[in-house]
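Protein chains in written order, with this note's numbering: chain A, 18 to 369; chain B, 6 to 124.
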Amino acid sequence: MIDCDIHVQIGDPEEFCAYVEPAQREWFRSQGELLGLPSYNWSHPGGWFRHDLESTGPRSYPGTSIERVIAEVLDPMGTDIGMLTADDGVLAGVMANPYRARAYARAHNDWMADRWLGADPRVRGSIIVPTQEPLEAAREINRMAVDRRFTQVLLVGGSERPYGDPRYLPILEACVANDLVLTIHSGGEGMGVAAMPGGAGPPNFYIEWHTLGSACSIMAHLVSLVVNGCFDRLPALRVLLMEGGLAWLPGILWRLDTNWRGLRGETPWLDRRPSEIVREHIRFTTQPLEHTDGHDALLFEMLEAAGAPDILCFSSDYPHWDGDDQQTMLKRLPESWRAKVMHDTAAALFRL
Amino acid sequence: MSERSWHDVCSLDELEGRGHAVARIGGREIGVLRAGDGTPYAVRNRCPHHGAPMCRGEVRERFESELAGTYGDASGLVIRCPWHGWEFRVEDGRCPDDPRMRVAVYDVRVSDGRVLVHA
């Protein structure tokens with residue numbers, strides 16, 4: 018089984034600051050527990066973490082050590098390969114100050130390489146980048162990619178503009194040049210310099226942010242990457258869209274294909290249906306697979322129209338409150354989908 | 006299908022005045038519309054997508070691009086549906102974006118100030 022989304026946490030800010038360049042350590046130390054990352058306008062009223070996983074103090078969250086990751090997700094789920102994703106750290110890409118973002122991303126990448134990737138043979142790493150400065154982000158990807166334990170570049174869903182915008186090409190090109198997956202994980206919408214979630218102005222509640230923000234940003238990146246011709250420019254580009262929900266996917270693809278037929282003169286480089294491009298280049302993680310109130314068969318039939326199961330990769334989202342359990346997932350999935358979703362699609366995507 | 010023959014649709018003055026014309030020939034509605042240079046084109050007056058009156062569409066150049074972010078080169082004239090904007094090549098009525106979609110097209114000529122359609 019391959020788990021594509023295991024969030025690791027910074028338990029001890031001082032441990033992290035040791036990886037920050039000396040001239041900037043004092044600033045990061047002075048920023049409190051979030052270490053200068055933008056804070057959430059909409060926070061979970063009961064906390065982000067699964068409540069069955071103990072937090073024994075501010076430096077002992079779930080996911081703060083490899084021992085906890087092994088004991089709480091890798092071993093119990095029987096994980097063969099686990100993709101470690103940053104948690105709050107991915108918000109470096111929406112910090113107001115790009116120079117702090119640069120320092121944060123470098124420190125986080127070195128911290129992950131040093132503290133995590135050698136600690137268990139099952140884990141793989143994610144490179145985070147200062148998305149505000151695409152050229153600098155590309156340099157950071159090149160710096161880290163020599164360590165092949167890193168398998169992906171992780172961008173956050175919240176963004177200044179959708180990632181198909183040509184300003185981000187250096188990041189996409191660096192992913193291709195280094196044979197890394199470009200992963201976009203929902204989150205950060207409306208935070209720091211990121212655009213507001215949902216497209217209708219700031220919501221009032223966490224439930225709005227969580228329902229719309231994370232799904233809408235992923236939809237926007239999907240459409241943007243396709244219509245800007247990113248996969249024509251970079252045929253080897255592989256994208257993984259993470260934690261944006263799935264039930265909307267067939268609808269968006271049908272809508273996009275329909276619009277493409279009528280509006281093709283606007284993007285004449287699109288020489289085939291957008292849904293075909295998506296099937297070829299984009300994969301999706303399963304969590305949080307929508308609860309369908311007894312309509313799972315309908316959900317799977319619709320997803321099949323969008324290319325499932327060949328586009329789906331299992332993710333647990335450990336240690337978050339809305340994570341998916343692999344046993345529950347196995348029970349829900351059609352039998353013929355199980356091997357692909359739980360292993361084969363991700364293995365092909367990450368060339369494992 | 007019966008042999009095609011030339012049918013008088015309207016006067017050139019009428020076509021130029023209204024910009025389009027419609028005739029019922031052999032039980033089918035056929036529309037005539039004009040390109041920017043005035044050249045008339047005849048097409049079955051029903052888009053295969055949603056049934057829009059094709060005579061109210063546009064004849065325009067289609068551009069194909071090989072490179073993202075560039076707008077490419079002209080690749081021939083298409084009739085563009087007035088509703089959803091689907092395009093059909095003037096030569097054979099095929100939709101370049103969906104091989105299942107095709108609209109019947111007809112030869113058209115102007116003779117002695119009359120617009121004639123071969124249908």
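Each residue gets a CB set at the ideal place from its N, CA and C atoms; glycine is no exception.
Quantities reported herein were computed from a predicted structural model and do not represent experimental measurements.
is_contact[residue i, chain B] using C-beta, thresh 9 Å
i               : result
R250 of chain A : yes
L263 of chain A : no
L280 of chain A : yes
R184 of chain A : no
W286 of chain A : yes
N245 of chain A : yes
R160 of chain A : no
T275 of chain A : yes
R290 of chain A : yes
is_contact[residue i, chain A] using C-beta, thresh 9 Å
i               : result
F93 of chain B  : no
H89 of chain B  : yes
C100 of chain B : yes
D103 of chain B : yes
Nearest-angstrom beta carbon gap, residue j and residue i [assumed within contact, 8 Å]
i               : j               : result
R85 of chain A  : P79 of chain A  : 6 Å
S143 of chain A : T102 of chain A : 5 Å
G207 of chain A : G181 of chain A : Going by Cβ atoms, the distance from G207 of chain A to G181 of chain A rounds to 20 Å, so no, they are not a contact pair.
I19 of chain A  : D137 of chain A : Not really, about 14 Å apart at Cβ, beyond 8 Å.
P183 of chain A : G74 of chain B  : 6 Å
I23 of chain A  : V90 of chain A  : 6 Å
R278 of chain A : L287 of chain A : About 10 Å; that fails the 8 Å criterion.
A26 of chain B  : V120 of chain B : 7 Å
G77 of chain B  : P252 of chain A : G77 of chain B to P252 of chain A, Cβ: 18 Å. No contact.
Range covered by the beta strand (DSSP E) that runs through residue i
i               : result
W11 of chain B  : W11 to S16
V170 of chain A : F167 to V173
R300 of chain A : I299 to T302
M129 of chain A : It is not in any beta strand (DSSP E) - M129 of chain A instead sits in the alpha helix (DSSP H) that spans P115 to R132.
L101 of chain A : I98 to A103
T200 of chain A : V198 to H202
L82 of chain B  : D78 to R85
G36 of chain B  : R33 to R39
F93 of chain B  : E92 to R94
Unbroken alpha helix (DSSP H) run spanning residue i, endpoints
i               : result
M346 of chain A : Q343 to R349
T81 of chain A  : Looking at the DSSP string, T81 of chain A is not in any alpha helix (DSSP H), and its letter there is neither H nor E.
D313 of chain A : D313 to A322
L280 of chain A : L266 to L280
Check whether the stretch 190-208 of chain A and the stretch 171-179 of chain A touch, using three or more Cβ-Cβ pairs below 8 Å as the test.
yes
- Indicate whether the contact test is met: 3 or more Cβ pairs, each with one atom in the stretch 107-121 of chain A and one in the stretch 61-73 of chain A, closer than 8 Å. no
*asked:* Would you call the stretch 47-62 of chain B in contact with the stretch 103-113 of chain B, where contact means no fewer than 3 C-beta pairs closer than 8 Å?
replied: With a cut-off of 8 Å on Cβ pairs, the stretch 47-62 of chain B is in contact with the stretch 103-113 of chain B, counting three or more such pairs.
For this session: Say whether the stretch 18-34 of chain B touches the stretch 350-369 of chain A, bearing in mind that this needs 3 or more beta-carbon pairs closer than 8 Å, one atom from each stretch.
Result: no
**Prompt:** Using a beta-carbon distance cut-off of less than 8 Å, what residues from the stretch 61-77 of chain B approach chain A?
**Reply:** R67, F68, E69, S70, E71, L72, A73, G74, T75, Y76 and G77
* **Near-chain B residues of the stretch 106-136 of chain A (beta-carbon distance less than 8 Å), N- to C-terminal order** => none
At a cut of 8 Å, does the stretch 82-90 of chain B reach the stretch 57-67 of chain B through at least three beta carbon pairs? yes
Inter-stretch contact (C-beta, 8 Å, three-pair minimum) for the stretch 313-326 of chain A and the stretch 42-57 of chain A: no
Is it the case that the stretch 92-107 of chain B contacts the stretch 300-319 of chain A, given that we only count it when at least three CB pairs across the two stretches are under 8 Å? No, the stretch 300-319 of chain A is not in contact with the stretch 92-107 of chain B.
Between the stretch 260-272 of chain A and the stretch 219-239 of chain A, can you find at least three pairs of beta-carbon atoms closer than 8 Å?
yes
Quiz item: Is the stretch 217-231 of chain A in contact with the stretch 192-199 of chain A, if contact means three or more CB pairs nearer than 8 Å?
Solution: no
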